[in-house]
Structures are given as C-alpha cells and as structure tokens.
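A short worksheet on the structure shown next.
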Amino acid sequence: MNQPIIIAIDGYSSCGKSTIAKALAKRLNYVFVDTGAMYRAVCFYILRNEIDWQHSSEQEIENTLDNITITFEYNSDSQQSDTYLNGENVEQEIRGKAVSEVVSEISQIKSIRKRMVSLQQKVGVKKGLVMDGRDIGTQVFPNAELKIFMTADPKIRAQRRFSELKLKGKQLTIEEVEENLSTRDYNDTNRKENPLRKASDAIELDNTYLNQEEQLNWALRVLHEKNLVNSHF
Ligand code: DC
C-alpha cells in the first residue's frame, strides 16, 4: 500500500492547473486546494472593504488578514468546491474582472504570501493532497513527491479562459482576457516574494494540444512510473 503523497502543480495563469488537479484528486481520493482562490478571496475582501492596500503597512495588512477566514465547500450542483469568505459563498465574485485585474499585484504583498503559505502548509500535514498555484513546488511544499509545471500557448490559454468566462456570463473581450493573462504572468514571474518558477525537480507538461483526459492519463502514467500510487488507480 503506497503512502499518501503531495502533488504540487504550478504554472502560468489559465493553463488548466485546477482542471487537472481536480481530476487527479478525484481519481486518487485526495484533497484538492486551489490556492489561487485563496489569493482571490483575500483580494475580494480588500476591494470590498476599500482597504488602501497600496499605502498600508505590512502590520496593517496582517491585522486585516486576522479578520479573514477562507473555507471551501463542495457544491453538489456544479460538482465543484466553492470558495467561502467568512462563511459567505464568493465563488462568483472572486472570478470577476475587478478581482482578476488586481489579484496578482495584491498577492505580491509579503504578509499576505506568508499567511497563505502557512495556511496551505497546514492543509498538507496529512498528505493525500493535490494543490495548484504558482509557488507550491518551490515554497509551499519543496519536498512534494510529485511536482508538475504546466505551460500552454498563450493564445490557446486566452481562448480557453475566454470561453470559460463567456459560459459564466462574464462580459469580457478576448483582447481583455489576453491582456489580463499577460500582465498576471509578468507580475507573477517578476515579483520579489516567491515568484513563479519551475522547481528544478518539476516535470513540465505543455498541454496546448492535450484534452483533459489525455492530461489526466499523462499524470497517472507519471505517478505509476515513479511508483507513487497503487496499480489500481
Ligand atoms: O490561479 P489563479 O489564476 O486563480 O490565481 C490568481 C492570482 O493569485 C495569480 O495571478 C497570482 C496569485 N497566486 C499566487 O501568487 N500564488 C499562488 N500559489 C496562487 C495564486
């Protein structure tokens, strides 16, 4: 019987990290955590409460974080897990334009990163976890048994994100989506604290031309090759 492990999935915005992470977690009966949703929820709280984050001290931001509790609850209608901020379902709000426009700036704040990383590490104590984000394999779980770094052609990423937002009824043009992705990629890669990097022991997955089933099969093959899961998965 293999011991439960930690699978860290990092990569650029809208590469499909959460999609493969969710599918893997379901297949392995593991917990899935979308760390982007945590940064988005903090960002939404800051915007909603009109907190002047650009002129706040790290201590003031830390005090603000003390008022925030983020939880996830399974939604049987969408068969996905929804994000809750202080008990309120904010899944819709955190995916909107207002949050997407500033989340990569807000997530550069040191005290926010420190708090989120510490919360994420607590979830990993029992292992049996798939976590996706930007710094999971480098900072949150540098000893994760499997690290995947995802990439995809930026045009394809923008198209996928655009279709996803359209389905959710969000009014954005493809140009706005492209612009947002490239700004976030730039911010996430160039920030001082925990920038997006491929961990030296991460395996790269370029999913430009792969569908969801092919990606899941690829990950399961890697897990078997590395002898990290039982043969029945
Ligand atoms: O995964 P996402 O696109 O929903 O993430 C939103 C933003 O949150 C992303 O632009 C950068 C930030 N983020 C981060 O800094 N570190 C993480 N581990 C996850 C997300």
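In our numbering, the protein residues as written are 62 to 294.
Cβ coordinates follow ideal geometry from the N, Cα and C atoms, glycine included.
Residue i, buried or exposed, once every other Cβ within 10 Å from all chains shown has been counted against 16
| i | result |
| --- | --- |
| Ser168 | buried |
| Val178 | buried |
| Ser161 | buried |
| Asn255 | buried |
| Asp262 | exposed |
| Phe202 | buried |
| Arg282 | exposed |
| Phe294 | exposed |
Contact test: residue i Cβ vs ligand 1 heavy atom, cutoff 6 Å
| i | result |
| --- | --- |
| Asp143 | no |
| Ser165 | yes |
| Tyr73 | no |
| Ser168 | yes |
| Gly157 | no |
| Asp113 | no |
| Gly148 | no |
| Arg195 | yes |
| Gly97 | yes |
| Tyr106 | no |
| Arg222 | no |
| Arg245 | yes |
| Tyr91 | no |
Best match in the options for proximity to residue i [C-alpha to C-alpha]
| i | options | result |
| --- | --- | --- |
| Ala260 | Lys231, Val283, Tyr270 and Thr199 | Thr199 |
| Glu275 | Gly72, Ile81 and Ile70 | Ile81 |
| Leu85 | Glu286, Asn291, Ala280 and Asn288 | Ala280 |
| Asp127 | Tyr106, Gly97 and Gly77 | Tyr106 |
| Gln141 | Asp113, Lys187, Val92 and Lys171 | Val92 |
| Val164 | Arg222, Met99 and Ile122 | Met99 |
| Ile235 | Pro215, Asp246 and Lys253 | Pro215 |
| Ile131 | His116, Asn147 and Glu225 | Asn147 |
| Leu207 | Ile112, Arg109, Arg88 and Val290 | Val290 |
| Ser224 | Asn288, Glu239, Trp114 and Arg109 | Glu239 |
| Cys76 | Lys287, Asn110, Ile217 and Lys253 | Ile217 |
| Gly72 | Glu265, Gly157 and Asn288 | Glu265 |
| Thr96 | Ser74, Asn136 and Gln115 | Ser74 |
8 Å contact criterion, which residue i and residue j should meet: CB distance rounded
| i | j | result |
| --- | --- | --- |
| Asn241 | Glu166 | Their Cβ separation, rounded to whole angstroms, is 12 Å, which puts Asn241 and Glu166 out of contact at 8 Å. |
| Val94 | Ile129 | No, Val94 and Ile129 are not in contact; Cβ-Cβ is about 16 Å, not under 8 Å. |
| Ile67 | Leu180 | Wrong, their Cβ atoms sit about 15 Å apart, outside the cutoff. |
| Asp246 | Thr212 | In fact, because the Cβ distance is near 10 Å, the residues do not count as touching under 8 Å. |
| Ile170 | Ile122 | 6 Å |
| Pro65 | Lys188 | 4 Å |
Residue i to residue j span [Cα, whole Å]
| i | j | result |
| --- | --- | --- |
| Asn124 | Ile173 | 11 Å |
| Val151 | Thr144 | 6 Å |
| Ser243 | Asn251 | 12 Å |
| Ala219 | Ala69 | 23 Å |
| Gly194 | Leu228 | 23 Å |
| Gln273 | Ser118 | 43 Å |
| Glu154 | Arg258 | 28 Å |
| Asp138 | His285 | 33 Å |
| Tyr270 | Lys78 | 15 Å |
| Lys175 | Ala159 | 24 Å |
| Asp277 | Lys87 | Note that residue 277 is Leu in the sequence shown here, rather than Asp. Roughly 11 Å between the two C-alpha positions. |
| Arg222 | Lys231 | 11 Å |
| Ser292 | Lys83 | 20 Å |
| Leu108 | Leu226 | 21 Å |
| Leu89 | Trp114 | 40 Å |
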